[in-house]
Amino acid sequence: MQVTSGDGVRIAFEVVGTGPPLVLLHGFFGDRTTWRSAGYVDALAGGHRLVLVDARGHGGSDAPHDVDSYRIDRQVGDVVAVLDALDISRVAFWGASMGGIIGLNLLAGQPERLTALIAGGAHGGRVAAAPAEVQQEVELFRSRGTAPFIEMLERQRPLPAWMRAAMQAADPHALAALTAALDARDGVLERLAHTPVPVLLLAGDRDPRLGSIQDTAARISGATCAELPGCGHLDTFLRLDLALPVVRPFLAAYAAGRAGQGFFGGCPARHHPRPLEC
Numbered sequence: 003m004q005v006t007s008g009d010g011v012r013i014a015f016e017v018v019g020t021g022p023p024l025v026l027l028h029g030f031f032g033d034r035t036t037w038r039s040a041g042y043v044d045a046l047a048g049g050h051r052l053v054l055v056d057a058r059g060h061g062g063s064d065a066p067h068d069v070d071s072y073r074i075d076r077q078v079g080d081v082v083a084v085l086d087a088l089d090i091s092r093v094a095f096w097g098a099s100m101g102g103i104i105g106l107n108l109l110a111g112q113p114e115r116l117t118a119l120i121a122g123g124a125h126g127g128r129v130a131a132a133p134a135e136v137q138q139e140v141e142l143f144r145s146r147g148t149a150p151f152i153e154m155l156e157r158q159r160p161l162p163a164w165m166r167a168a169m170q171a172a173d174p175h176a177l178a179a180l181t182a183a184l185d186a187r188d189g190v191l192e193r194l195a196h197t198p199v200p201v202l203l204l205a206g207d208r209d210p211r212l213g214s215i216q217d218t219a220a221r222i223s224g225a226t227c228a229e230l231p232g233c234g235h236l237d238t239f240l241r242l243d244l245a246l247p248v249v250r251p252f253l254a255a256y257a258a259g260r261a262g263q264g265f266f267g268g269c270p271a272r273h274h275p276r277p278l279e280c
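Per the numbering used here, residue 3 is the first one in the sequence shown, and the count goes up by one each step.
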């Protein structure tokens, strides 16, 4: 299925399963198929109506090459357009990395559309990357495609074949524009401080972004930061066995929009699932 967003970009999505609606939004390099390949669709479709979205620049969605097309407000608008097309007024949202950033911005701007938010490897603060570093990444995408980034990730750990295939299929010029746009975004922590929506942040305890994710959790009233032991940034998505035991009770409590006293006792917490090697 496709819907046309407010600026004319076509967004691809699919719906699987039954139960309270849950948007699954992938990270940079991914697409909606990566949720299925990683095992999340099979694990969640029995209890949720899953709305799997291809972010602009990925999968079956349009992939413009200009930076302005990837402004964060336009990416938030894509999610809202999908929800409106499906006549869903409120939804739980799980975003991985870039998808989590989009979710946090949706929460900041339109909290009435969410029953709960899960963001993996994402924070709501300002971007700290140096402009020269960002420009270097942009030029690398334009000149060499995704190959250098695949090589970099595989020096840390072997990628699943399906993840490598998704990265190889991505449009490098769209990713170059997206890189520039993401690194130009403003932080949203002040707008999130008193949100009534339950928030769960997932973070690998080896993720370079961990401090920023912890700060986001501390700044959002009632938010929880669950640290996954032995995991880096990408592992927060790949390690289904660590993420799901934390996410399932959160969704059970909040996906349908029921009021509660907060996850893990209603205050910011650090949850450590059973340690496993990443």
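Glycine residues also receive a C-beta, built at the ideal position from the N, C-alpha and C atoms.
Whole-angstrom distance between Val129 and Thr181, CA atom to CA atom = Rounded to whole angstroms, the separation of the alpha carbons of Val129 and Thr181 is 12 Å.
task = Could you tell me the distance, in whole angstroms, from the CA atom of Asp68 to the CA atom of Gly59?
result = The straight-line gap from Cα to Cα measures roughly 11 Å.
inquiry  = Rounded to the nearest angstrom, what separates Arg92 and Arg115 at their Cα positions?
reply    = So the alpha carbons of these two residues sit roughly 4 Å apart.
Beta-carbon proximity list for Gln4, same chain, < 6 Å, skipping 5 on both sides = Cβ neighbours of Gln4 beyond the five flanking positions: Arg12, Ala14.
ask   = If you run the structure through DSSP and keep just helix, strand and coil, what is Ala130?
value = The answer is coil: DSSP assigns Ala130 none of H, G, I, E or B.
key: Below-8 Å beta-carbon distance, Arg211 vs any chain C residue   = The question asks about chain C, but that chain is absent: this structure has only one protein chain.
key: Same chain, Cβ closer than 6 Å to Val25, neighbours up to 5 away in sequence not counted   = The residues Val53, Val93, Phe95, in chain order, have a CB closer than 6 Å to that of Val25 in the same chain once the five nearest residues on each side in sequence are set aside.
request  = Give me the Cα-Cα distance between Ile74 and Ala65, rounded to the nearest whole angstrom.
outcome  = Their Cα atoms are separated by approximately 15 Å.
Classification of His196 by the beta-carbon crowding that lies within 10 angstroms, buried from 16 upward = Per the 10 Å Cβ criterion, exposed.
ask   = So Pro113 and Pro23 are in contact, right, with Cβ under 8 Å, and what is the actual spacing, rounded?
value = Rounded to the nearest angstrom, the Cβ distance from Pro113 to Pro23 is 16 Å, too far for a contact under 8 Å.
query = Taking the C-alpha atoms as reference points, what is the distance between Arg272 and Ser39?
reply = Any reading at Arg272 needs caution, since the residue's pLDDT is 41, under 50, leaving its predicted position unreliable; the model's value is listed next. Rounded to the nearest whole angstrom, the C-alpha separation of Arg272 and Ser39 is 28 Å.
Cα-Cα separation, Leu85 to Val43 = If I take the Cα positions, the gap works out to 19 Å.
query = Run through DSSP, which three-state label would Val51 get?
reply = The question names Val, but residue 51 in the sequence shown is Arg. Of the three classes helix, strand and coil, the one that applies to Arg51 here is strand, per DSSP.
key: When Ile103, Val136, Val140, Gln137 are compared against Gly122, the one with the closest alpha-carbon   = Just measuring C-alpha positions, the residue of Ile103, Val136, Val140, Gln137 sitting nearest Gly122 is Ile103.
ask   = Could you give the residue range of the alpha helix (DSSP H) that holds Phe252?
value = Segment 242-256, the alpha helix (DSSP H) holding Phe252.
Helix, strand or coil at Phe30 [DSSP, three-state] = Of the three classes helix, strand and coil, the one that applies to Phe30 here is coil, per DSSP.
task = Determine the contact status of Thr226 and Ala220, defining contact as a CB-CB distance below 8 Å.
result = No; because the gap between Cβ atoms is not below 8 Å, this pair is not in contact.
task = Classify Leu284 as helix, strand or coil using the three-state DSSP reduction.
result = Nothing can be reported for residue 284, as the shown portion of the chain is limited to 3 through 280.
task = Taking 8 Å as the cut-off, decide whether the C-beta atoms of Phe239 and Ala98 are in contact.
result = Yes, they are a contact pair.
key: Own chain, CB closer than 6 Å to Gly8, minus 5 neighbours either side, in chain order   = Gly79.
ask   = Over what stretch of residues does the alpha helix (DSSP H) that includes Val43 continue unbroken?
value = Per DSSP, the unbroken alpha helix (DSSP H) holding Val43 starts and ends at 42-46.
request  = Scan the segment 115-193 and note each continuous beta strand (DSSP E) run of 3 residues or more that stays entirely inside, going in chain order.
outcome  = Counting only runs of 3+ residues, the beta strand (DSSP E) found wholly inside the segment 115-193 occupies 116-122, in chain order.
message = Quick check on the burial criterion: 16 or more other C-beta atoms within 10 angstroms. Buried or exposed for Ala131?
response = Per the 10 Å Cβ criterion, exposed.
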